[in-house]
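Under my numbering, the letters of the sequence shown match residues 568 to 675, in that order. Note that CB positions come from ideal geometry on N, CA and C, so glycine has one too. Because the structure is a prediction, the values reported are computed rather than measured.
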Amino acid sequence: MIVVNTETVPGFVVAGVKGMVQGNTVRAKHAGRDIAAGFKNLVGGELKGYTELLTESRRQAVERMMAQAQELGANAIVNVRFTTSAVTAGAAELYAYGTAVVLKKPSA
568 MIVVNTETVP GFVVAGVKGM VQGNTVRAKH AGRDIAAGFK NLVGGELKGY
618 TELLTESRRQ AVERMMAQAQ ELGANAIVNV RFTTSAVTAG AAELYAYGTA
668 VVLKKPSA
């Protein structure tokens, strides 16, 4: 499946629009990561525990979005966007959404 954040895919035409698709995941912070983050705030640097958490969250949200697109019979998702929001103290949602489409090679 082709997944892009643009409205078009070079070399293809949109033959059909299946609709909006989305995937999300809600993750809670880990106490061990919070302690490590507190130390990093003192000296600076990347919070690797949180980077890994967000990377895994993005991957899972995209997989769920792609599964929904496949159920609709799409072979691509265009205009993909990500957003995050706090759900409660210590937990956040990562949400991915886009438009499921059927792409075809243009006729010569």
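Cα-Cα separation, residue i to residue j
i      : j      : result
Ser674 : Ala582 : 11 Å
Val647 : Ala656 : 28 Å
Thr573 : Ala634 : 20 Å
Gly665 : Gly612 : 33 Å
Glu619 : Val593 : 14 Å
Leu621 : Gly578 : 32 Å
Glu623 : Met632 : 14 Å
Leu661 : Lys596 : 13 Å
Lys615 : Ala659 : 17 Å
Three-state class that DSSP yields for residue i in the structure shown
i      : result
Val571 : coil
Gly583 : strand
Paired residues, beta bridge with residue i - DSSP
i      : result
Gly665 : Val588
Lys671 : Val580
To test your reading of the DSSP string, which unbroken alpha helix (DSSP H) runs of 4 or more residues are found completely within the segment 599-662? 615-638
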